[in-house]
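S.K.:
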Ligand SMILES: Nc1nc2c(ncn2[C@@H]2O[C@H](COP(=O)(O)OP(=O)(O)O)[C@@H](O)[C@H]2O)c(=O)[nH]1
Ligand SMILES: [Mg+2]
């Protein structure tokens, strides 16, 4: 049983389908080899893609894992609404792990100080995530990180092992050969798994378009009150108020990533449809993190350092 | 790392980089490429050049690299290698330590580039990068010609079953684009590749630093004329045909996950145990070889039970045909007992011939703890993990002479041939027949580390 080599090219997979197939394979391996996985779902575009991939991997069965959101409390309302609705539509269990609870229990100090510019709960998320992993005894967490996001990520394995404290040791990673993943854990270890490691930002957007995935409305152009800080546009909210000398402007903006609203910048845009957004992204000259994430602009190795401490 | 030479593109030139990348076609296909070469042959510079000249470097990344270049080499020059060296230790030491993955798209092809380090002590990283590569670029420094590392990297590419090897003869600017230098390297690399049985090789002269013949041709001598037989490196990568590299002959479908919404193991409350799903039983997995079609007569190994393919299901609808590496869900006509680790193969297949209780394999050893005969490991092959005992180390490859020599063990970064006995038989193929069903990893049960990658002979 052979097929004509001439047909092989047409039988070959497009890039998106090849990446999709790889991601589905990764998800099924985790479900098979690990006891208690979870899928980190923020309501952001990468985790929305993960949800679709989970449907592709496991339907018509249930997902063999719950969804987990690590919630800083500083959310866009539109994203929280989307998160809850999407979980309900899928009929899957959603666990919300709140940074506020971690703070209330005195386990971390709130990094967010309304009077301090640029302060956020970004660091505290790590503790809340580690607590959730411990409480629910998760041994694997799916995340939507991509290697094209940042240089330290470019070196991270698809199966990224973390020690008891959640730390990542870049110099001591397991070799990852072919599509053979070794998911065996040492005591106290757990693994973060990144099924879309090999996707670029544009792949994600094109996949969303091809699959007609719904996104939270803040990904599309809308009018919003913003202030300019360090070259970024931040939404004015109860958690982020204009400071002396700053003026509030109402601009047409959209978001390129969705995170804690105190550190996620908006971009000026009038792209109101998915197609417009994809066109804008394809033409952009600035990376996603550079344009919208204050947390990664601190130093050359900001991400590498945060990952060593247990950050996603 | 040496200071950036003065032909490096100037910061201001980079700042006014041209048009944004166009929108890649949705039907773009994917080429996985690994680069190999000795330290300082220019791998990182080449990848930086590919990304930069194909306009895939965005302004803030460039700004970061510009600032880092100034810190390292002083004002005026941009060191493109800093685009890929991502870990702090790598930037500090100016070397590539681990496999770095980079992504770019031009026209209707997308590339995943694995930049692997060159030293002998990083052989395992090159093996890792090459394991998934369709094509390996072996860098050769024009001034040095073919050296031991060139032979070793070419050998590893062939061992890993890579069918397309491209020799990029770099730093041609430093030999004034001397044709004789290039021809000598061309002859020697061709000879080595032919000896190793690599089916498709190309030798292309470039200067990664000056950007000649990488993405743009630039000014090239008359002996490398502008025609189809003398492509730029990128042009070659864009046109190399790899879709027929897959095994499209021997059907192999290792079952990865059984979907049974009505079964006890599935905790589906509410909507997923609807009546119509009560008898649902789908075998999910990734096609590893051959062509799968509804109606095909198949057998399930190791049990040997026969049935027929009823449906090939995906969330997007049923398929008429599936090939590697598609992830699909297979339904059989008969209610047979199939579980993870079973392999669906064609009905005509001689089951005995593809069932291994013992195997000979080339392995690359990846652990500080040496392999000694008699040692026990877990062996993971497709979706099966079984206990394996290494009965004998048959030989070890001298990575300098590429001669096989007697050995009583394998150390970190050694490549050698071993004989392995399996507790549970495997449905497998020789690696060169099907990479997906011929590859395995060994796992140390004590540490859970992956200690070797193996290729069945
Ligand atoms: N003259 C010249 N120098 C080059 C060329 N390619 C790379 N280099 C230089 O060679 C050195 C090593 O390059 P690098 O990319 O770090 O090599 P790697 O160790 O293989 O990644 C650097 O100083 C580069 O600027 C080239 O085509 N011509
Ligand atoms: Mg390098």
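Protein chains in written order, with the numbering used here: chain A, 9 to 320; chain B, 11 to 467.
From the three backbone atoms N, C-alpha and C, an ideal C-beta is built for every residue, glycine too.
As the structure is a computational prediction, the values presented were derived from the model and not from experiment.
Taking all protein chains shown into account, decide if residue 344 of chain B is buried (16 or more other Cβ within 10 angstroms of its Cβ) or exposed.
M.R.: Position 334 of the second chain, counted from the first residue, corresponds to residue 344 of chain B. Flag for residue 344 of chain B reads exposed.
S.K.: Distance, Cα to Cα, residue 67 of chain B vs residue 358 of chain B?
M.R.: Locating residue 67 of chain B in the second chain gives position 57, counting from the first residue. Locating residue 358 of chain B in the second chain gives position 348, counting from the first residue. Roughly 52 Å between the two C-alpha positions.
S.K.: Run through chain D and tell me which residues come within less than 9 Å of residue 144 of chain A, C-beta to C-beta.
M.R.: No chain D appears in the structure shown, which is made up of the protein chains A and B.
S.K.: What do you get for residue 258 of chain A, buried or exposed, if any count of 16 or more other CB atoms within 10 angstroms of its CB means buried?
M.R.: Against the first chain, residue 258 of chain A aligns to sequence position 250. It is exposed - the Cβ of residue 258 of chain A has fewer than 16 other Cβ atoms within 10 Å.
S.K.: Closer than 9 Å between beta carbons: that is the criterion. Which residues of the region 381-400 of chain B meet it against chain A?
M.R.: Those would be 388, 390, 391, 392, 393, 395, in chain order.
S.K.: Given 6 Å as the limit, tell me if residue 257 of chain B has its C-beta closer than that to any heavy atom belonging to ligand 1.
M.R.: Start at 1 with the first residue of the second chain, and residue 257 of chain B comes out as number 247. Residue 257 of chain B Cβ: outside cutoff for every heavy atom of ligand 1.
S.K.: Let me see if you follow: with CB-CB separation under 7 Å, is residue 40 of chain A close to chain B or not?
M.R.: Stepping through the first chain from its first residue, residue 40 of chain A is reached at position 32. Yes, because at least one Cβ of chain B sits closer than 7 Å to the Cβ of residue 40 of chain A.
S.K.: Could you work out which residue in B:253, B:439, B:212 is closest to residue 360 of chain B when comparing CA atoms only?
M.R.: For the purposes of this step, residue 360 of chain B is taken as residue 350 along the second chain, with counting starting at 1. When each option's Cα is compared against that of residue 360 of chain B, the closest is B:439.
S.K.: Along chain A, which residues have their Cβ under 8 Å away from the Cβ of residue 376 of chain B?
M.R.: Translated into positions along the second chain, residue 376 of chain B becomes position 366. Neighbours of residue 376 of chain B on chain A, chain order: 183.
S.K.: Under 7 Å, CB to CB, which of the residues in the region 221-233 of chain B have a partner in chain A?
M.R.: Against chain A - using a Cβ distance shorter than 7 Å - the region 221-233 of chain B contributes no residues.
S.K.: Under 8 Å, with one C-beta from each stretch per pair, do the region 169-184 of chain B and the region 211-231 of chain B reach the 3-pair mark?
M.R.: Contact between the region 169-184 of chain B and the region 211-231 of chain B is present, because at least three Cβ pairs lie under 8 Å.
S.K.: I'd like to know if residue 195 of chain A contacts chain B, where contact means its C-beta is closer than 7 Å to some C-beta of that chain.
M.R.: One-based indexing of the first chain puts residue 195 of chain A at position 187. Output row for residue 195 of chain A: interface = no.
S.K.: Cα separation between residue 187 of chain B and residue 231 of chain B?
M.R.: As a first step, residue 187 of chain B is located in the second chain; it is residue number 177 there, counting from the start. As a first step, residue 231 of chain B is located in the second chain; it is residue number 221 there, counting from the start. Each residue's Cα considered, the two are about 7 Å apart.
S.K.: Check each residue of the region 253-272 of chain A: if its Cβ is closer than 7 Å to any Cβ of chain B, include it; give the result in chain order.
M.R.: Answer in chain order: no residues at all.
S.K.: Here's the rule: buried if 16 or more other CB atoms are within 10 angstroms of the residue's CB, otherwise exposed. What is residue 233 of chain B?
M.R.: As a first step, residue 233 of chain B must be located in the second chain, where it is residue number 223. Burial call: exposed.
S.K.: Could you tell me which chain B residues have their CB closer than 8 Å to the CB of residue 63 of chain A, listed as they occur along the chain?
M.R.: Counting from 1 along the first chain, the entry for residue 63 of chain A is found at position 55. 325, listed in chain order.
S.K.: What separation, rounded to the nearest whole angstrom, lies between the Cα atoms of residue 301 of chain B and residue 261 of chain B?
M.R.: As a working mapping, residue 301 of chain B is identified with position 291 in the second chain. As a working mapping, residue 261 of chain B is identified with position 251 in the second chain. Residue 301 of chain B and residue 261 of chain B: Cα-Cα distance of roughly 6 Å.
S.K.: Could you check whether the Cβ of residue 75 of chain B sits closer than 6 Å to any heavy atom belonging to ligand 1?
M.R.: Here residue 75 of chain B refers to the residue found at position 65 of the second chain. Outside the cutoff, so no.
S.K.: Helix, strand or coil for residue 469 of chain B per DSSP?
M.R.: Within the shown structure, residues of chain B are numbered from 11 to 467, placing residue 469 of chain B beyond reach of any answer.
S.K.: Note down, one range per segment and in chain order, each beta strand (DSSP E) of at least 3 residues found wholly within the region 187-259 of chain A.
M.R.: Fully enclosed beta strand (DSSP E) runs of 3 or longer: 198-201, 230-237, 240-243.
S.K.: Please state if the CB of residue 217 of chain A and the CB of residue 286 of chain A are separated by a distance shorter than 7 Å.
M.R.: Here residue 286 of chain A refers to the residue found at position 278 of the first chain. Here residue 217 of chain A refers to the residue found at position 209 of the first chain. Yes, the Cβ-Cβ distance between residue 286 of chain A and residue 217 of chain A is below 7 Å.
S.K.: For a cutoff of 7 Å on Cβ pairs, would you count residue 314 of chain B as touching chain A?
M.R.: In the second chain, counting from the first residue as 1, residue 314 of chain B sits at position 304. No, residue 314 of chain B lies away from the interface with chain A (no Cβ there is under 7 Å from its Cβ).
S.K.: Quick check on DSSP: helix, strand or coil for residue 316 of chain B?
M.R.: As a first step, residue 316 of chain B must be located in the second chain, where it is residue number 306. Residue state, collapsed to three classes: strand.
S.K.: For residue 229 of chain B and residue 242 of chain B, I'd like the C-alpha separation in whole angstroms.
M.R.: As a position in the second chain, residue 229 of chain B is number 219, starting the count at 1. As a position in the second chain, residue 242 of chain B is number 232, starting the count at 1. Rounded to the nearest angstrom, the two C-alpha atoms are 12 Å apart.
S.K.: What first and last residue would you give for the alpha helix (DSSP H) that runs through residue 33 of chain A?
M.R.: To locate residue 33 of chain A, count along the first chain from 1; it is residue 25. First-last of the alpha helix (DSSP H) with residue 33 of chain A: 23-41.
S.K.: Cβ closer than 9 Å: which chain B residues qualify as neighbours of residue 33 of chain A?
M.R.: Mapped onto the first chain, residue 33 of chain A falls at position 25. Here the neighbours are 266, 295, 296, 335, 337.
S.K.: Just to confirm the assignment: which complete beta strand (DSSP E) runs, minimum length 3, are found wholly within the region 126-195 of chain B?
M.R.: Segments of the beta strand (DSSP E) lying fully in the region 126-195 of chain B: 145-151, 174-180.
S.K.: Are the Cβ atoms of residue 153 of chain B and residue 210 of chain B separated by less than 7 Å?
M.R.: Start at 1 with the first residue of the second chain, and residue 153 of chain B comes out as number 143. Start at 1 with the first residue of the second chain, and residue 210 of chain B comes out as number 200. Going by C-beta atoms, residue 153 of chain B is not nearer than 7 Å to residue 210 of chain B.
S.K.: Could you check what DSSP says for residue 250 of chain B in three-state terms: helix, strand or coil?
M.R.: Locating residue 250 of chain B in the second chain gives position 240, counting from the first residue. Coil at residue 250 of chain B, not helix or strand.
S.K.: Buried or exposed: residue 457 of chain B, going by 16 or more other Cβ atoms within 10 Å of its Cβ?
M.R.: In the second chain, counting from the first residue as 1, residue 457 of chain B sits at position 447. Exposed: under 16 other Cβ atoms inside 10 Å.
S.K.: Kindly indicate which three-state DSSP category residue 83 of chain B falls into: helix, strand or coil?
M.R.: Start at 1 with the first residue of the second chain, and residue 83 of chain B comes out as number 73. Correct three-state label for residue 83 of chain B: helix.
S.K.: Closer than 7 Å, Cβ to any Cβ of chain A: which residues of the region 114-125 of chain B, in chain order?
M.R.: Hits within the stretch, in order: 120, 122.
S.K.: At the 7 Å Cβ level, is residue 26 of chain A part of the contact set with chain B, yes or no?
M.R.: On the first chain, position 18 is the one that residue 26 of chain A refers to. Output row for residue 26 of chain A: interface = yes.
S.K.: With residue 63 of chain A as the anchor, note down where its alpha helix (DSSP H) starts and where it stops.
M.R.: Within the first chain, residue 63 of chain A is the residue found at index 55, counting from 1. Where residue 63 of chain A is concerned, the enclosing alpha helix (DSSP H) stretches over 53-66.
S.K.: Indicate whether at least one CB of chain B lies closer than 7 Å to the CB of residue 23 of chain A.
M.R.: For this step, residue 23 of chain A is matched to residue 15 along the first chain. Closer than 7 Å to some Cβ of chain B, the Cβ of residue 23 of chain A qualifies, so yes.
S.K.: Can you check DSSP and say which residues form a bridge with residue 390 of chain B?
M.R.: By one-based count along the second chain, residue 390 of chain B stands at place 380. Its beta-bridge partners are B:395, B:451.
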